[in-house]
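Going left to right, the sequence shown walks through residues 7 to 357 as the working numbering numbers them.
Note that beta-carbon positions come from the ideal geometry of N, C-alpha and C, so glycine has one too.
Computed from a prediction, not measured in an experiment: that's the story for all the values here.
Below is one structure, written out as structure tokens; the observations come after it.
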Amino acid sequence: MKSPLHIAAGPKALRHLQENGLQLADIRAMLGASGGPKWLVLNQLDRFLAPRLAADTQVDVDLLGTSIGSWRFACYAQPDPLAAFDRFESAYFEQAYTAKPDAREISLECSRILEAILGEQHAAIVNSEKRRLHTIANRCRPAMLDRHNEPGKFQLGASALANAAGRKYLKHFFERILFAPAASKLPFQESMFPQENVRLNTGNLQQALMATASIPLLMEAVHDIAGTSGGTCVDGGIIDYHFDTPLPYDNGIVLYLHFSPRLIPGWFDKMLPWRKPRAASMDNVLLITPSQKFIAGLPNGRIPDRHDFVQMDDGQRTAVWRKVLAETERLAEELAQKLERQQWKNVVELV
């Protein structure tokens, strides 16, 4: 039977697998992408992996996410990841909106979900020395802001056009803020965009995680995050949607549980099929995604996305999402089998 997982690896990661196999302690970092409800297809993989990383005393991993990816990793960084995922899943499924929700309504509902994820674990998350949460938000430069100091439709369109001319031109509209804990070992080396590095702590954890998920126009921006030099912050996925940044660890691999084999560097690159991550960014990455055949077998032949909120009522959406979670147990079972049998040589392809 064909595997429900598609596995690809950069050259360095492939050599590591062929020569050493894969142990949990080999994972130096994990990447978690933006994607809204798409995270649900990774839920069972997260539930399989997170508690095992927590239990393995040899694990020493940096967790780098934007938007929903960093919300997932906020669960990984907690002492009891499964309890955190239980709260996340429950709160996420309880989402309900009016027929035409405004930015305030959506932001309040997302804030409720985030509060459920974090619970009373703020200090445990930012002080975790072995599973270290990092997240990214984007600060709007003056060219992005309207007279109310919020991202505007015209400005957003202009930034998309600039990005189409060249990814580097986004720097005229946005700058990256990287939030990292005190124990961080993340070798984040990226010079294309202006960047502020900020210590992640209990005073800014919730603000940072809210900002990284705040989709321009759909949600309210987050202003003046504690520890930063101020400003209006929005979705971290605008620059780092699926990431295009080398993480040059001396050894080990960067594990990327993702929902699609196509990696899209920035949010606006979704419309640019030729825009791909640089080879150097993929060198030590092990990319694990659901196979296209597996996705075709899901309800409606696709993974959940934001359109579900428009195309289905609350009951229909919840029922479909429950079916997706049940189906994705196969993904976790397959990953468990591969780790147990170390069957990597025949299934790994170069990215």
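Just to confirm the assignment, what range does the alpha helix (DSSP H) spanning residue 296 have?
Taking the sequence shown and counting its residues from 1, one reaches residue 296 at position 290. No alpha helix (DSSP H) contains residue 296, which is instead part of the beta strand (DSSP E) from 291–296.
For residue 126, the nearest candidate out of 212, 311, 341 and 172 (CA to CA):
The residue given as residue 126 occupies position 120 in the sequence shown. The residue with the shortest Cα to Cα distance from residue 126 is 212.
State yes or no: is the C-beta of residue 185 within less than 7 angstroms of the C-beta of residue 206?
The sequence position of residue 185 within the sequence shown is 179, counting from 1. The sequence position of residue 206 within the sequence shown is 200, counting from 1. Going by C-beta atoms, residue 185 is nearer than 7 angstroms to residue 206.
Is the stretch 259–272 touching the stretch 32–50, taking contact as three or more C-beta pairs under 8 angstroms?
yes
Hey, residue 94 and residue 122 are a contact pair by Cβ (cut 8 angstroms); roughly how many whole angstroms apart?
As a first step, residue 94 is located in the sequence shown; it is residue number 88 there, counting from the start. As a first step, residue 122 is located in the sequence shown; it is residue number 116 there, counting from the start. The Cβ separation is near 7 angstroms, so the contact holds.
With 16 other Cβ atoms within 10 Å as the buried cut-off, status of residue 98
Stepping through the sequence shown from its first residue, residue 98 is reached at position 92. So residue 98 ends up on the buried side.
Give a yes or no on whether 7 angstroms exceeds the smallest Cβ distance from residue 83 to chain C.
Absent here is chain C; the protein component of the structure consists of one chain.
Skipping 5 residues on each side, what residues in its chain have a beta carbon closer than 7 angstroms to that of residue 196?
Stepping through the sequence shown from its first residue, residue 196 is reached at position 190. Answer for residue 196: 251, listed in chain order.
For residue 204 versus residue 238, is the C-beta distance shorter than 7 angstroms?
Within the sequence shown, the letter at position 198 stands for residue 204. Within the sequence shown, the letter at position 232 stands for residue 238. Not closer than 7 angstroms, so no.
With DSSP as the reference, label residue 202 as helix, strand or coil.
The sequence position of residue 202 within the sequence shown is 196, counting from 1. Here residue 202 sits in strand by DSSP.
Indicate whether residue 242 and residue 143 have their beta-carbon atoms separated by less than 7 angstroms.
Along the sequence shown, one-based indexing puts residue 242 at 236. Along the sequence shown, one-based indexing puts residue 143 at 137. In contact: residue 242 and residue 143 (Cβ atoms closer than 7 angstroms).
Beta-bridge pairing of residue 38 - partner residues as DSSP gives them:
Locating residue 38 in the sequence shown gives position 32, counting from the first residue. Partner(s): 71.
Straight-line gap, residue 292 to residue 89 (C-alpha atoms, nearest Å)
Translated into positions along the sequence shown, residue 292 becomes position 286. Translated into positions along the sequence shown, residue 89 becomes position 83. If you take the alpha carbons of residue 292 and residue 89, they lie about 27 angstroms apart.
Quick check on residue 57: does DSSP put it in helix, strand or coil?
Start at 1 with the first residue of the sequence shown, and residue 57 comes out as number 51. Here residue 57 sits in helix by DSSP.
What residue range is occupied by the uninterrupted alpha helix (DSSP H) comprising residue 169?
The residue labelled residue 169 in the question sits at position 163 within the sequence shown. First-last of the alpha helix (DSSP H) with residue 169: 159–171.
CB-CB length for residue 58 against residue 23, believed under 8 angstroms:
What you label residue 58 is simply residue 52 of the sequence shown in a count that begins at 1. What you label residue 23 is simply residue 17 of the sequence shown in a count that begins at 1. Not really, about 18 angstroms apart at Cβ, beyond 8 angstroms.
Among the residues of its own chain, which have a CB less than 6 angstroms from the CB of residue 221, if the five just before and after it don't count?
Taking the sequence shown and counting its residues from 1, one reaches residue 221 at position 215. Same-chain partners within the cutoff: 241.
Distance, Cα to Cα, residue 210 vs residue 83?
As a first step, residue 210 must be located in the sequence shown, where it is residue number 204. As a first step, residue 83 must be located in the sequence shown, where it is residue number 77. The straight-line gap from Cα to Cα measures roughly 16 angstroms.
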